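Everything below concerns the one structure shown next.
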Ligand SMILES: [Fe+2]
Ligand SMILES: [Fe+2]
């Protein structure tokens, strides 16, 4: 049994090493191993940003559940989370994709239709966020219905949007972007992130989202775990 486990571990280790290019460093293509390491960095940061949006979507879903049940939302929860979407997701993450990622696909003639649709979705998302902020405190029934519709559209659009970027766009970069370009992209990304997060680091941003989750009683992960 132990030998089975250890051989399975060896297999996983081997698979992991191949995936990260470590094994390839043992053969003449050393530069390829280095390239693999550098390539994963921009994608990791972009996916880390997506993590924040995933949590904001959970916040929206909880807000939706309460609004539809006719319950009051804790003060500021919806407005503050929509403001983080506007500032961080749209003003920084999406902007970076539009200025630094999508044009590389366009100039390489790769995945044109997908990239166009992702751009259209960024624009649609910005319109939805403005509408959500406008109606976050809407008292009339009409405004509440519009708010519900816009939040549902936001959640429905952004889940497949992120999934497509994570499984197609980010991994595809390695297929046509040179090592030098990737390093340049990394520098731009670092500069862009530093500029945006100058006053508050990533951890503080996550803290802000966690505070909203706490207000909505969805912070504790254990509540989402089914009995084993
Ligand atoms: Fe995007
Ligand atoms: Fe993204």
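In my numbering, the protein residues as written are 101 to 328.
Even glycine gets a Cβ: it sits at the ideal position worked out from N, Cα and C.
The structure presented is a predicted model; accordingly, all values stated were derived computationally and were not measured.
At a threshold of 8 Å, does residue 262 count as lining ligand 2 (C-beta to nearest heavy atom)?
Start at 1 with the first residue of the chain shown, and residue 262 comes out as number 162. Answer for residue 262: yes, Cβ within range of ligand 2.
Can you find at least 3 beta carbon pairs, one from the stretch 150-167 and one from the stretch 200-218, that sit closer than 8 Å?
no
With a threshold of 8 Å (Cβ to nearest heavy atom), would residue 285 be considered close to ligand 2?
Start at 1 with the first residue of the chain shown, and residue 285 comes out as number 185. Because no heavy atom of ligand 2 lies under 8 Å away, the Cβ of residue 285 does not count as near it: no.
Any chance the stretch 161-177 sits against the stretch 274-286, with 3 or more Cβ pairs inside 8 Å?
no
Nearest to residue 193 by alpha carbon, out of 320, 238 and 265?
Position 93 of the chain shown, counting from 1, holds the residue named residue 193. The option with the nearest alpha carbon to residue 193 is 265.
Pick from 144, 155, 146 and 145 that is closest to residue 312, judged by C-alpha positions
Locating residue 312 in the chain shown gives position 212, where the first residue counts as 1. If we check each option's Cα against that of residue 312, 155 comes out closest.
Host alpha helix (DSSP H) of residue 237 (start-end)
Walking along the chain shown from the start, residue 237 turns up at place 137. It is not in any alpha helix (DSSP H) - residue 237 carries neither H nor E in the DSSP assignment.
Taking residue 232 and residue 251 to be in contact with their CB atoms under 8 Å, please state how far apart those CB atoms are, rounded to whole angstroms.
The residue labelled residue 232 in the question sits at position 132 within the chain shown. The residue labelled residue 251 in the question sits at position 151 within the chain shown. Between residue 251 and residue 232 the Cβ distance is about 6 Å, and since that is below 8 Å, they are a contact.
Cutoff 8 Å; reference residue 183; Cβ partners in own chain excluding five residues on either side:
What you label residue 183 is simply residue 83 of the chain shown in a count that begins at 1. Within the same chain, residue 183 has close Cβ partners 233.
Any non-hydrogen atom of ligand 1 within 8 Å of residue 221 CB:
On the chain shown, position 121 is the one that residue 221 refers to. Yes - ligand 1 has a heavy atom lying nearer than 8 Å to the Cβ of residue 221.
Once the 5 residues before and after residue 150 are set aside, which same chain residues still bring their CB inside 6 Å of it?
Mapped onto the chain shown, residue 150 falls at position 50. Same-chain partners within the cutoff: 262.
At a cut-off of 8 Å, would you count residue 200 as near ligand 1, judging by its Cβ distance to the nearest heavy atom?
Here residue 200 is taken as the residue at index 100 of the chain shown, counted from 1. For ligand 1, not one heavy atom lies less than 8 Å from the Cβ of residue 200.
Beta carbon of residue 154: closer than 8 Å to some heavy atom of ligand 1?
By one-based count along the chain shown, residue 154 stands at place 54. No, since every heavy atom of ligand 1 falls outside the 8 Å radius drawn around the Cβ of residue 154.
For the 8 Å Cβ check, are there 3 or more pairs between the stretch 193-212 and the stretch 283-297?
yes
When you compare the CB positions of residue 226 and residue 235, do they come within less than 9 Å of one another, or not?
Residue mapping note: residue 226 aligns to position 126 of the chain shown, counting from 1. Residue mapping note: residue 235 aligns to position 135 of the chain shown, counting from 1. Cβ distance not < 9 Å, so residue 226 and residue 235 don't count as in contact.
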